[in-house]
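Engineer: Shown below is the structure under consideration.
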Amino acid sequence: MGKKDKKVVVVLPCSGIGKVYSALSRETTYELVEKVRPGLATTTCLPLLMIKDPKAVAMATENPVITIDGCFKECAKKTVEALGKEVDRAYEAINF
5 MGKKDKKVVV VLPCSGIGKV YSALSRETTY ELVEKVRPGL ATTTCLPLLM
55 IKDPKAVAMA TENPVITIDG CFKECAKKTV EALGKEVDRA YEAINF
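Counted the way the numbering used here counts, the sequence shown spans residues 5 to 100.
The following block contains the structure:
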């Protein structure tokens with residue numbers, strides 16, 4: 005597998021600005037991407053997926069995806085599913 009074909013795990017937190025559990029989901033994502041699995045995990049802006057930005061959509065649909073939602077509404081998970089992609093793992097910050 006060439007360097008261009010290397011898959012990474014895409015970790016997508018929810019975007020609930022000003023919500024405690026949403027902040028927890030984002031901080032957990034940054035910890036995973038920057039400290040725990042640098043180079044093996046990445047993230048993208050959830051609103052880019054909502055507006056179907058081609059690069060963000062390709063990243064999410066061509067790689068394994070983990071969502072970390074801040075609440076039961078599962079916005080991150082549902083956004084990925086709306087792209088026709090099943091998430092590989094889905095978590096809710098409130099249920100950790």
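Even glycine gets a Cβ: it sits at the ideal position worked out from N, Cα and C. These numbers were taken from a predicted model, which means no experiment stands behind them.
Can you tell which of Val-12, Ala-94, Glu-96, Cys-75 has the C-alpha that lies nearest to the C-alpha of Arg-41?
Structural biologist: Ranking the options by Cα distance to Arg-41, first place goes to Val-12.
Engineer: Among Ile-21, Lys-10, Ser-29, whose alpha-carbon lies nearest the alpha-carbon of Asp-73?
Structural biologist: Measuring from the Cα of Asp-73, the nearest candidate turns out to be Ser-29.
Engineer: Compute the Euclidean distance between the alpha carbons of Lys-39 and Thr-47, then round it to the nearest angstrom.
Structural biologist: Answer to the nearest angstrom: the Cα atoms are 13 Å apart.
Engineer: Are the CB atoms of Lys-89 and Val-69 within a distance shorter than 8 Å?
Structural biologist: Yes, these two residues count as a Cβ contact at 8 Å.
Engineer: Rounded to the nearest angstrom, how far is the Cβ of Ala-64 from that of Leu-53, given a contact under 8 Å?
Structural biologist: The pair is a contact, with the Cβ atoms about 6 Å apart (cut-off 8 Å).
Engineer: Please state whether the Cβ-Cβ distance between Ile-98 and Cys-79 is less than 8 Å.
Structural biologist: It is not a contact, given that the beta carbons lie outside the stated cut-off.
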